[in-house]
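So the sequence shown is residues 4 to 573, counted in my numbering. Quick reminder that beta carbons are idealized off the backbone N, C-alpha and C, glycines included. Bear in mind that the values here come from a model prediction, so they are computed numbers and not experimental data.
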Amino acid sequence: MKRLENIYILVILLAFSFFVGACDNEYEPAGFVSDVSWYTSQRNGTDYQLNEDEYMAFMDLSQGLLSHEWIIEEGAYFLKDGFSKNDSLPLFIDETKGLSSDDAAVSILFTKPGERKVRLYNTFSEKVSYKGAVEFEAIQEGDIWVIDTTFIVDVYGAMKPAFQVFQLVEDEDGNIIEEKEILSVDEEWDPQLEDAAEWDTIEVEMGSRLKYVDLTTTDRPTGRTWTFFNKPNEVSNLAESIVYYNKLGDTNNGAGTLRSERTSENNSVPSANTLKRIPLHVRTVASSKPFVFIGGLMEHEDESITFSVSGTVAKFSGIESAFTVNVTNDKTGFDEVIAVQLAEVNPEDPTSIKLTLADPIYNTDKIKVSYDPAKGEIKSSDERSLSLFTNEDVLIYAGENILDSDWAGFEVFNSNILKAYCEGYWGAAINDNGTYQRTESMSLSGKASMRYSSTDGFTKNRTLQGSDFSKEGDIPAGTYLVTLNIYLESGNTMTKIKTAIQTPYQAIPWDLTDVERGKWVTLSQEVTTDLIVSGKRYDLLVNPADNPTAVGDQTFYIDDHSFTNLELRP
């Protein structure tokens, strides 16, 4: 297939060299034989797609013609020869041609978005047939035969970001009771930095939130990137992004930016992006609410523990005894309080507190943290005292994934649909219409995930073979924490999927009955395995027999599966 593609490209280049490079563009019919054929600078038989203000070349290679004409619409222009890819194309518009040309080879500039028509009208003295991707014959009109065909070019215009900003009004417990619109930017407003002095300023209390909503529709965006100018700068790709403001003072040069993006797998649509500023100054003022623990207790690779609070933390020291860290381990019966060796403001996030413990902890432990302000006071930068909290659970750091991260995260593209468009996998010959398909439209991390989609109104029996599992070496026999991250679309009614180590065979069932739909959920379980030899498979299996009550179309995404060693407390 690669060789055929290369031959096709070579033919295109040679044809272009002959026709576009010719010094005389007058068309002279060959006369000795009648035939109809053409080439385009995008492969024949494909959907023709361009960005606005790009061009496409067309060549009529028909022979034995009586007459020949290219006809275009308003907003399209024939170009003169001699331009290069770095030239300004409007400078090469051929004003003498108008909307028709009898040149054999033409380059056409498209300046108007939407579906644009390029018509080729040829006449012959005898019947001819086109033998391309879609075959058709000439139609007789009187004494002549006519080939009248139209090429549809889908022209993508510049994207025009549009968005709204809402102030979230909260009750004393932090629950949102109202969303008040404070800014609306339509697609025609393009805020400029030199006008920043005229932008409105919104005051928010420290620890409060604003919601930013992307309303962009022009021209067919596939995603976006928000950048928010609070500290540290926050970035989000969500259509609706909620941003906490935890540092006193004003944002600089507005609240941030929205970059609308158009991307696709396999470059199936023209890529583009457009940046627009958020014309709003945000002034963060002292909060009237309590300074409280808001969650995020987690262990990190270095065994430190961090958690988030509802504001920026003022520097403190010498209050380690204010924290109680209770550690239990069901496997060994361990149940003790481990002392905090150091408590400090998290150097990487001033709205977070970092604890370093005096003794080791293990990923089979369960850890709870409490804080008592009577034993040591912590204040926010606006002088509020952190409130007491007790027995909050810590998310344990599971350990390093022994699987290759690109393979486990479906990061490497492959052009073969039978490989589910992903390197290291095989969707099998019955991967019809891409039941399994790598996608960049959804991911937990990185740029891609694997999608399973059955749109036939039932669950298809399909296996995705993970052919590069354990390619880095043997996986020793032992007990592992096996993790699967899954996103079940709203309406998904499946109850079970399986993963399976193939050699030695070991099925791992995953119960989906109570998994929340419409969000990423991490599933994990302990699995004891025998030695897994390098190069063996790890498959994902969907079976209708496991989902007897699943009705309707079924779609889910998986990302970042992992195997991590379980650490047993001595």
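Ends of the beta strand (DSSP E) at residue i?
{"i": "A411", "result": "Element bounds for A411: not the beta strand (DSSP E) but the alpha helix (DSSP H), S408 to A411."}
{"i": "P512", "result": "Y508 to D514"}
{"i": "Q440", "result": "Y439 to T442"}
{"i": "M453", "result": "S452 to S457"}
{"i": "K499", "result": "K499 to Q505"}
{"i": "K369", "result": "K369 to Y374"}
{"i": "N394", "result": "F392 to D396"}
{"i": "S527", "result": "W523 to T532"}
{"i": "Q167", "result": "F166 to E173"}
{"i": "G259", "result": "G259 to R265"}
{"i": "D146", "result": "Premise fails: D146 is in no beta strand (DSSP E) and is neither H nor E."}
{"i": "G460", "result": "No beta strand (DSSP E) holds G460; DSSP gives it neither H nor E."}
Does the separation of the CB atoms of residue i and residue j fall below 8 Å?
{"i": "A622", "j": "I322", "result": "Look at the range of the chain in this structure, 4 to 573, and you will see that residue 622 is not part of it."}
{"i": "L251", "j": "S390", "result": "no"}
{"i": "R572", "j": "F294", "result": "no"}
{"i": "D595", "j": "N332", "result": "Here the chain has residues from 4 to 573 only, and residue 595 is not among them."}
{"i": "A325", "j": "A342", "result": "no"}
{"i": "M162", "j": "T221", "result": "yes"}
{"i": "E46", "j": "A79", "result": "Here the sequence assigns Arg to residue 46, which means Glu is not the residue at that position. Cβ distance not < 8 Å, so R46 and A79 don't count as in contact."}
{"i": "D556", "j": "S457", "result": "yes"}
{"i": "G257", "j": "L241", "result": "no"}
{"i": "Q170", "j": "L213", "result": "yes"}
{"i": "S575", "j": "S65", "result": "Because the chain in this structure spans residues 4 to 573, residue 575 falls outside the shown range and cannot be described."}
{"i": "A317", "j": "K357", "result": "no"}
{"i": "N580", "j": "A275", "result": "An answer regarding residue 580 cannot be provided, because it is not within the stretch 4 to 573 covered by the chain."}
{"i": "E529", "j": "G402", "result": "no"}
{"i": "T230", "j": "S307", "result": "no"}
{"i": "K371", "j": "S473", "result": "no"}
{"i": "Q509", "j": "D542", "result": "no"}
{"i": "A136", "j": "A60", "result": "no"}
{"i": "E290", "j": "G259", "result": "The displayed chain sequence assigns Ser, not Glu, to residue 290. No, Cβ-Cβ distance for S290 and G259 is not below 8 Å."}
{"i": "I500", "j": "L544", "result": "yes"}
{"i": "V312", "j": "V328", "result": "no"}
Tell me the rounded alpha-carbon separation between residue i and residue j.
{"i": "S355", "j": "V348", "result": "6 Å"}
{"i": "T126", "j": "A423", "result": "46 Å"}
{"i": "M62", "j": "S44", "result": "9 Å"}
{"i": "F566", "j": "V536", "result": "15 Å"}
{"i": "D471", "j": "N464", "result": "22 Å"}
{"i": "G427", "j": "D563", "result": "14 Å"}
{"i": "L218", "j": "A165", "result": "5 Å"}
{"i": "E57", "j": "Q143", "result": "36 Å"}
{"i": "R454", "j": "E351", "result": "34 Å"}
{"i": "E190", "j": "T225", "result": "16 Å"}
{"i": "T153", "j": "E264", "result": "31 Å"}
{"i": "S87", "j": "I111", "result": "14 Å"}
{"i": "R122", "j": "S271", "result": "24 Å"}
{"i": "F559", "j": "R227", "result": "22 Å"}
{"i": "T498", "j": "G117", "result": "43 Å"}
{"i": "D514", "j": "G379", "result": "45 Å"}
{"i": "F416", "j": "R441", "result": "8 Å"}
{"i": "A25", "j": "W410", "result": "The predicted model places A25 with a pLDDT of 36, which falls under 50 and marks its position as unreliable, so this point remains unresolved."}
{"i": "S493", "j": "W523", "result": "12 Å"}
{"i": "N546", "j": "T502", "result": "11 Å"}
{"i": "A200", "j": "L526", "result": "50 Å"}
If we define contact as Cβ-Cβ less than 8 Å, is residue i a contact residue for chain D?
{"i": "F139", "result": "Protein chains in the displayed structure number just one, and chain D is not present."}
Taking buried to mean at least 16 other C-beta atoms within 10 Å of its own C-beta, is residue i buried or exposed?
{"i": "L487", "result": "buried"}
{"i": "E414", "result": "buried"}
{"i": "F139", "result": "exposed"}
{"i": "E182", "result": "exposed"}
{"i": "Y42", "result": "buried"}
{"i": "F35", "result": "For F35, the predicted model reports a pLDDT of 47, less than 50, meaning its position is unreliable and no value from the coordinates is stated."}
{"i": "T438", "result": "buried"}
{"i": "I179", "result": "exposed"}
{"i": "R280", "result": "buried"}
{"i": "Y248", "result": "buried"}
{"i": "W148", "result": "buried"}
{"i": "E302", "result": "buried"}
{"i": "R286", "result": "exposed"}
{"i": "G460", "result": "exposed"}
{"i": "N394", "result": "exposed"}
{"i": "D174", "result": "exposed"}
{"i": "N89", "result": "exposed"}
{"i": "S444", "result": "exposed"}
{"i": "P479", "result": "exposed"}
Please list the segments of the beta strand (DSSP E) lying wholly inside the region 48 to 120, counting only runs of 3 or more residues, in order along the chain.
-> 51 to 54, 57 to 63, 68 to 74, 79 to 81 and 108 to 113
At which residue ranges does the region 182 to 240 contain complete beta strand (DSSP E) runs of 3 or more residues, listed in the order of the chain?
-> 203 to 208, 211 to 217, 226 to 231 and 237 to 239
Start-end ranges of the beta strand (DSSP E) lying completely within the region 297 to 325, minimum 3 residues | 308 to 312
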